[in-house]
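Residue numbers (UniProt numbering): 1 to 543. Backbone N, C-alpha and C define an ideal beta-carbon position, used for all residues, glycine too. Since this is a predicted model, take the numbers as computed values, not measurements. Report on the following structure.
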Amino acid sequence: MIEIQMLRRLMIWVVPYWTMLAFAIISLITIAVTTSILPLFIKPLLDNILTSQHGLEEFQFALLAILGLLITRSLASFSCSYATSWVSGKVGIDLRRTLFEKLLALPLSYPKEANPDKLSINLFSEIEHATDSIAQILIIFVKEILTITGLLIVMILLNWEFSFMGFLIALVIGLIMQFVSQASNSHQKVPHLLITSTFLTSSKHIKSIKLDGSQSQESQHFCNSIDHQRNLALKQVATKTFSKTIAFIMIATILTVFFLLFKQQISLGMMTVGDASALITAVLMLVLPVRRVLNIQISPQNKFQVIHNIDSLLAQKNETDSGKVEITSVRGQIRFEEINAGYYSQICPPLFNLTLTIQPGEIIALPISSQGQERTFIDLIARFIHPASGRILLDDVDIATIKLADLRAKIAWITPDTRLLNDTIAANIAYGTTRCATEASVMKVARTCHVTKFAREMPHGLQTRIDNKDIKFTENQRQRILIARALLKNPAIVIIDETTAVFDINCPLVNNALDALIQNRTTLIASSQPNMLGKAHRIIKLT
């Protein structure tokens with residue numbers, strides 16, 4: 001049932017590219033048909049070589065037909081590979097974009113319930129597995145099954161008595177090959193945990209080893225670990241080699257019996273050499289398709305678990321907005337009334353019974369502490385998280401009642417390590433809600449934040465691209481672009497977040513740009529830099 005649901009999800013992702021998908025399916029059908037009918041042309045070819053009952057024309061026709069089939073199959077195989085890669089690539093792009101947009105829409109509390117490392121896996125590694133699953137399912141359920149069906153039909157046409165036995169032989173050989181392959185993969189990597197653990201432990205306690213004079217004992221213990229590891233590796237190699245040897249003997253025995261039966265049939269005149277060769281060819285061609293089908297049937301969860309993980313992430317609820325109040329102008333007064341905020345993540349510690357008033361235009365410094373409550377404090381103002389109890393008022397209006405877009409439009413949050421877009425300097429300043437700003441307004445903030453001082457020396461001024469390989473932007477130049485971006489927003493509240501990186505305020509241009517940004521604006525500075533904290537009217541310690 002789960003597999004059917006996952007297949008339906010796959011189809012939803014693939015349907016927009018149905019034309020290329022149809023081309024891939026036609027190519028797969030062509031591969032299956034040309035593969036299936038190949039044994040039919042081997043029969044007259046060998047009969048013509050071994051007997052003189054047929055003319056040269058029939059021999060040439062069979063030879064050219066085989067050549068044509070092989071060329072057609074090669075072209076179809078190329079077309080199939082290109083089409084499936086094209087479709088899976090497009091689906092991969094769509095999934096990456098959808099997952100990225102989903103992560104942007106999720107509430108800040110989501111990482112509390114999901115491992116953040118898993119998000120990157122969903123975005124990258126698992127996407128590759130998902131698109132690979134699409135191609136594998138398409139190939140298995142179209143090409144291989146059609147090939148098996150076609151070869152069985154051809155075998156029945158050649159000699160229905162041997163067809164069933166030939167299919168069983170192909171099935172047995174496929175199972176044996178599958179078993180050997182799994183055994184080889186399971187022993188492919190020899191674990192070195194014991195040696196590594198012994199070495200690291202000894203290195204960690206080298207002082208006590210030297211003091212106790214136990215070097216010889218530790219050395220003997222390490223040698224025992226190495227010897228144990230060698231015996232384990234030898235056992236794994238012997239097991240793998242033995243399984244391959246047994247498999248080879250079994251396959252050779254089966255084929256020997258099969259050939260003896262064919263020889264008996266040929267001697268009795270019940271079939272020709274061409275019939276026998278065609279049947280043997282069909283049986284051998286059955287082995288790989290049967291093995292591939294068995295492989296996907298043995299471990300289907302490996303294919304569908306990836307899709308299930310992606311689907312689970314997409315099913316998460318987006319950040320909700322319960323606010324109804326629209327705001328236009330904001331003075332910037334912020335009041336906390338008996339705020340209690342619980343754990344939202346490891347980096348957002350709780351706050352208890354916080355009551356505080358910040359006046360419009362006041363600059364507040366929040367020294368970064370080991371507990372990190374300042375991050376919870378600023379997250380509450382931007383409504384990234386919600387208090388368990390109490391109220392936060394903006395100009396005497398409960399921020400929980402304000403429309404989220406209106407609230408955040410009045411707040412500029414800048415961190416020094418924010419990634420710039422691979423676009424022009426101007427596009428990085430006119431960012432987000434200000435992306436349609438006029439050229440004059442962009443130029444004005446660029447001058448105020450001293451961006452034009454380095455931009456005018458570049459070949460295209462503010463239209464110079466950040467990812468230009470011939471130009472190297474310094475860190476303080478990037479920071480000035482970020483400050484200009486925040487200034488263009490013309491916020492009522494500025495949050496300067498230095499919890500992960502710091503602004504280069506030793507650079508006068510960066511310092512002046514920051515001063516221009518926070519002038520006459522309610523500002524919260526989370527920092528550990530004394531010079532940055534010195535800009536504040538008041539320092540508040542939350543611990």
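Confirm, please, whether the CB-CB distance from residue j to residue i is below 8 Å.
i: Phe-377; j: Leu-366; result: yes
i: Ala-62; j: Leu-45; result: yes
i: Ile-496; j: Asn-531; result: no
i: Leu-106; j: Leu-69; result: no
i: Glu-338; j: Gly-372; result: no
i: Ala-526; j: Glu-362; result: no
i: Lys-410; j: Ala-492; result: yes
i: residue 544; j: Val-494; result: Since the first and last residues shown for the chain are 1 and 543, residue 544 lies out of range.
i: Val-154; j: Ala-32; result: no
i: Leu-108; j: Asp-379; result: yes
i: Leu-420; j: Ile-483; result: no
i: Leu-21; j: Ile-307; result: no
i: Arg-383; j: Ile-399; result: yes
i: Pro-387; j: Thr-522; result: no
i: Trp-18; j: Asp-94; result: no
i: Ile-368; j: Thr-499; result: yes
i: Arg-456; j: Asp-423; result: no
i: Ile-385; j: Ala-440; result: no
i: Ser-79; j: Ala-135; result: no
When DSSP builds the beta bridges, which residues end up paired with residue i?
i: Pro-367; result: Ser-527
i: Asn-490; result: In DSSP, Asn-490 forms no bridge with anything.
i: Glu-362; result: DSSP output for Glu-362 lists no bridge partner at all.
i: Arg-465; result: Thr-424
i: Leu-354; result: Ile-339
i: Ile-334; result: Ile-358 and Leu-394
i: Thr-522; result: Ile-493
i: residue 560; result: Since the first residue of the chain shown is 1 and the last is 543, residue 560 is not available in this structure.
i: Val-325; result: Ile-402
Could you round the C-beta distance between residue i and residue j to whole angstroms and report it? I think they count as a contact, below 8 Å.
i: Thr-34; j: Ala-76; result: 7 Å
i: Val-91; j: Thr-30; result: So it is not a contact: roughly 23 Å between Cβ atoms.
i: Thr-401; j: Gly-323; result: 6 Å
i: Asp-406; j: Ile-327; result: 5 Å
i: Ile-139; j: Leu-28; result: 7 Å
i: Leu-260; j: Leu-158; result: Incorrect: roughly 18 Å between the Cβ atoms, too far for contact.
i: Phe-454; j: Gln-477; result: 5 Å
i: Ile-518; j: Lys-535; result: 7 Å
i: residue 546; j: Ser-277; result: Absent from the structure is residue 546, since the part of the chain shown begins at 1 and ends at 543.
i: Leu-168; j: Ser-36; result: Going by Cβ atoms, the distance from Leu-168 to Ser-36 rounds to 19 Å, so no, they are not a contact pair.
(message) Which runs of the beta strand (DSSP E) at least 3 residues long sit entirely within the segment 387 to 427? Give them in chain order.
(response) 389 to 394 and 411 to 414
(request) Inspect the CB distances between the segment 413 to 421 and the segment 331 to 340 and report whether three or more fall short of 8 Å. (result) no
(request) Examine the Cβ distances between the segment 426 to 438 and the segment 349 to 361 and report whether three or more of them are shorter than 8 Å. (result) no
(message) With three or more C-beta pairs closer than 8 Å as the rule, is the segment 463 to 471 touching the segment 432 to 441?
(response) no
(message) Quick check: the segment 282 to 292 against the segment 141 to 152, are at least 3 beta-carbon pairs closer than 8 Å?
(response) yes
(request) Taking 8 Å as the threshold, find out whether the segment 438 to 450 comes into contact with the segment 500 to 515 through three or more Cβ pairs. (result) yes
(message) If contact is defined by three or more beta carbon pairs under 8 Å, each pair taking one atom from either stretch, is the segment 314 to 325 in contact with the segment 88 to 102?
(response) yes
(request) Ignoring anything shorter than 3 residues or poking outside the segment 29 to 108, list the beta strand (DSSP E) runs there in chain order. (result) none
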